[in-house]
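Quick notes on the structure that follows.
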Amino acid sequence: MKRLLSKLKNMQNTEASFTGMYEGVMLVHNNTNMPPITAYDSVYYDDNIGFEIKRTHKLAQDKPTISVIIPCDIITGQNEGEMPLKRLKHYLLNMEPNTTTYKEMYEGKVLVNFPPKSNGEILEPEFENNNIYWSENNSYVIELTHKLAQDKPTITTQIPLDDLSMDIYTTTAADHCLREFKPYIDTLNAEIYNRSRPDKENGKYYLHNPGGEVLMRNTAYFKLCPQKDYRNGSGNTVYILDDGVSRPPKMYLCIKIQVQLPQKKLRKTIQMLCKDLPDAVNSFVRNFNITKLNEALTLSEKQAAIRSWLKQSEYCCFIANGSILPRSKGSELPMENAIPFKSTPEDEIEVCGIKGMGIKRGVTVITGGGYSGKSTLLNAISAGIYNHIAGDGRKLVITDETAVSISAEDGRSVKNVNISPFIKWIPGGDTFDFSTEHASGSTSQAANIMEAINFGSKLFLIDEDRSATNFMIRDRMMKQLIEHEPITPYTDRVNELYKNNEVSTVLVIGGSGEYLSVADRIYMMDEFEISDVTGNAKKICDNAGIITSYPEPVEWHMNRILLSDSFTSYPEGNGTERLEVSDMGFILIGDERIDIRNLHHIKSTAQLTALGFILRKLEVTNNENIIDLEKLIDFLYDEIEREGLDCVFSSFFTTCERFLDLPRKYELLAVISRMRKIAFIRL
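Residue numbering for the sequence shown follows my numbering, starting at 293 and increasing by one per position.
Have a look at this one:
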């Protein structure tokens, strides 16, 4: 307590504010010839025990609050003398006050001292780089995000699962932990927030804020990590332990964040990295609620059971009674005071002990007046390809995982697609092997359907408001008037798709009765309540004398192989890769500018960014001239499953976000299909 004693002795006998004691001003001398720097630290040490002295409040300056800091190692008798993140603090204290690179922190240069060999041989100490810093049982991996963000490191906190009483390593468990960690980061940001200063001056912690979907992420995952096998000496010196204790790798929860370090404020940087963040992690571990985790896991098990049941059943979707389908305006949060969903009596089923509405495979029409909730229902069915958390309102809306929302997409690129089932002929083109740089509404929707079939989708979700009218319908009078119509409308093929290919369709229709005669089931939405009107609709069709005729069946499957020419992340004539991802819905890679605004199942910028990195990884790892695309994608997704999603990330691309959510394989195939420079060959 020498430093505290010095400050007290230098105070006036009439001192009332004790400012010097609270501020803890000190001069820090480094190992170089640089002049000492001024630092503030109100923690005073008596050997290894610290005493943090803070003002209680402004009216009690003579009544400080003192926190006694006793290292756990002293209590347990192990690793005597250890200080949390001691080595990191050493690097920061010895940096130049105006540093912008934080090079020493990223390198983690350390002098390793080895124990003597069994024969008594003394090994020379060695320097090595180690950017893993320890605070008790938790470690912090500090990495450079990219070369233009040296003051914004990526920090992966690694927490042993033993400390959380966890033995589950699933995506759901990682997702739950990420969400549970968020309040602690929010609290840290609230404590340092200053609206008069930008983040670069003030500092900030960044944690991925996921939507309601439960997805594999690079921001929360489980990994086997090495345990600490050394003790810290002075400065950047460490001593390998020689205590005969085996320390094999253990399973850790890894949570990835970014930290904007405050510009030219090393004292605050030390506070943020060496005290506040570890304190937040310790609080998270200490308060971790295993009961809430088990509730999330139980929900996940129910969702998995329903999905498994769906695959073996005659149903393509299940919507639990009580689900909240409408969303709040401008967000994905459930609408307050919304009407809970209730199944029609005819379609109510019970799955895994849960009652709700089952939508059978085949052709289903959802109709109703304007603002009745029909598109809301379709959107909820679309969202059901992903599992959702409790509180989302759609946690038990479960849809065939291969479902695809189909729409018109004016201007999209189409390469070597057989659209002849819908487009019999086109001026100057071959509809059996159709390519264009600017597809029309009808040809783009036809191409979207043909690609989805060949990518393995078994459920199409179609809203007439997002479709090409001439592709969707052509009534009897127009068929009589126009004799040479090249377009075969979807009404004429929708039943064939199910009977011959087992591809079901759910359509939202409000302005045409053409689908009433071909639908297996027809539902009416009225003020967000659903009813089965199939019988009444069929009577209307019978009274109208509607006779449905179908064209000859066609071949739906096609085989096309991607050529490696132009399938590259390098612009032509340039030796530097290019990858940029816009949150407006574009991926710029190599010479490509890929418009994916009409891929309706991409739910976040993190998913969009992951698509860009996965595509880039496919391109740089491919070494074949003729590419079996699905095989290449399967191989990469297997690697992601083994190594984690972060295996596709590269810090080379300075404009790309750091946080990634895993997309489906379908979205990746759809992105590649929209590239303009590539070429396929049809087999």
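Note that CB positions come from ideal geometry on N, CA and C, so glycine has one too. Keep in mind that this is a model prediction, so the values were computed, not measured.
DSSP beta-bridge partners for residue i?
i: residue 887; result: 878
i: residue 650; result: 610
i: residue 421; result: 401
i: residue 512; result: 547
i: residue 912; result: Bridge partners of residue 912: none, in fact.
i: residue 505; result: 680
i: residue 726; result: 709
i: residue 901; result: Paired residue(s): none; residue 901 is not in a bridge.
i: residue 427; result: 430
i: residue 467; result: Per DSSP, none; premise fails for residue 467.
i: residue 626; result: 619
Going straight from the alpha carbon of residue i to that of residue j, what length do you get?
i: residue 951; j: residue 905; result: 11 Å
i: residue 916; j: residue 925; result: 14 Å
i: residue 647; j: residue 536; result: 58 Å
i: residue 426; j: residue 939; result: 24 Å
i: residue 735; j: residue 962; result: 16 Å
i: residue 801; j: residue 658; result: 6 Å
i: residue 960; j: residue 896; result: 15 Å
i: residue 698; j: residue 751; result: 10 Å
i: residue 799; j: residue 708; result: 27 Å
i: residue 371; j: residue 541; result: For residue 371, the predicted structure reports a pLDDT of 45, less than 50, and the residue's modelled location is therefore unreliable. A value from the coordinates is still provided. Each residue's alpha carbon lies about 19 Å from the other.
i: residue 356; j: residue 294; result: 18 Å
i: residue 368; j: residue 444; result: Residue placement at residue 368 cannot be trusted, given a pLDDT of 44 that sits under 50; what the coordinates show is reported in the next sentence. Computed Cα separation, rounded: 36 Å.
i: residue 737; j: residue 730; result: 12 Å
i: residue 676; j: residue 805; result: 27 Å
i: residue 508; j: residue 313; result: 49 Å
i: residue 517; j: residue 382; result: 24 Å
i: residue 784; j: residue 777; result: 13 Å
i: residue 438; j: residue 447; result: 13 Å
i: residue 615; j: residue 669; result: 11 Å
i: residue 303; j: residue 311; result: 9 Å
i: residue 280; j: residue 875; result: Not covered by the structure: residue 280. The range shown for the chain is 293 to 975.
i: residue 899; j: residue 774; result: 45 Å
i: residue 716; j: residue 724; result: 9 Å
i: residue 663; j: residue 815; result: 15 Å
i: residue 373; j: residue 531; result: Only weak support exists for where residue 373 lies, its pLDDT of 47 falling under 50; the value from the coordinates is given anyway. Using only the alpha carbons, I get a separation of about 13 Å.
i: residue 578; j: residue 501; result: 22 Å
i: residue 739; j: residue 711; result: 6 Å
i: residue 458; j: residue 475; result: 20 Å
Please determine, among the options, the residue with the shortest C-alpha to C-alpha distance to residue i.
i: residue 626; options: 682, 589, 667; result: 682
i: residue 695; options: 718, 713, 661, 653; result: 653
i: residue 972; options: 893, 748, 852, 842; result: 852
i: residue 953; options: 346, 848, 486, 901; result: 901
i: residue 811; options: 818, 797, 484; result: 797
i: residue 545; options: 568, 556, 563, 515; result: 515
i: residue 461; options: 555, 559, 392, 586; result: 586
i: residue 378; options: 423, 660, 406; result: 423
i: residue 820; options: 807, 848, 672, 538; result: 672
i: residue 601; options: 442, 505, 644; result: 644
i: residue 436; options: 549, 613, 608, 594; result: 549
i: residue 761; options: 732, 450, 607; result: 732
i: residue 538; options: 520, 529, 763; result: 520
i: residue 637; options: 651, 468, 624; result: 651
i: residue 765; options: 922, 790, 825, 840; result: 840
i: residue 745; options: 868, 642, 789; result: 789
i: residue 340; options: 327, 362, 352; result: 362
Any idea what DSSP makes of residue i, helix, strand or coil?
i: residue 636; result: coil
i: residue 333; result: coil
i: residue 340; result: coil
i: residue 318; result: strand
i: residue 498; result: strand
i: residue 293; result: coil
i: residue 371; result: The predicted position of residue 371 is uncertain, since its pLDDT is 45 and thus under 50; a value taken from the coordinates is nonetheless stated next. The answer is coil: DSSP assigns residue 371 none of H, G, I, E or B.
i: residue 298; result: helix
i: residue 958; result: helix
i: residue 455; result: helix
i: residue 783; result: helix
i: residue 473; result: helix
i: residue 862; result: coil
i: residue 387; result: coil
i: residue 532; result: strand
Is it the case that the CB of residue i approaches a heavy atom of the ligand ZN more closely than 7 Å?
i: residue 758; result: Annotation note on the ligand ZN: not contained in the displayed structure, which lists no ligands.
Could one say the Cβ of residue i lies closer than 8 Å to chain B's Cβ atoms, at least one of them?
i: residue 760; result: Chain labels in this structure do not include chain B; a single protein chain is all it has.
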